[in-house]
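Participant: Residue numbers (the working numbering): 1 to 108. In this text, a Cβ means the ideal position worked out from N, Cα and C, and glycines have one as well. These numbers were taken from a predicted model, which means no experiment stands behind them. Input: one structure, supplied below.
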């Protein structure tokens, strides 16, 4: 009696190596994808935290000095910095900001 089984033959060595290589490449791509997504999530969380912090600062300024206080501050800062090139009088700037804050608090 002859053995004429029609069972599957083991894959040739090169084919097995190719399959293993493809599986390794796929696993590496999946790992890199997970790492990228993880980094993106960290960046997103940091961005949301920064936005939350900025909103908190804005709300504080608006509650303390009234609406438009931040714009007024930067307008004043720009005016002082542009006024005398190369010099900045911190005391005068502080007085100006205090005066504007008082003015805004009276309005609000």
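Let me confirm a value: residue 60 is counted as buried when at least 16 other C-beta atoms fall within 10 Å, else exposed. Which label applies?
Facilitator: Classification of residue 60: exposed, given that the 10 Å Cβ count is below 16.
Participant: How is the alpha helix (DSSP H) around residue 83 delimited, first residue to last?
Facilitator: 69-83
Participant: Can residue 76 and residue 97 be called in contact, C-beta distance under 8 Å?
Facilitator: yes
Participant: If I follow the unbroken alpha helix (DSSP H) through residue 26, where does it start and stop?
Facilitator: 13-65
Participant: Please determine, among 22, 107 and 13, the residue with the shortest C-alpha to C-alpha distance to residue 66.
Facilitator: Closest by alpha carbon: 107.
Participant: Are residue 69 and residue 31 close, meaning C-beta to C-beta below 8 Å?
Facilitator: No, they are not a contact pair.
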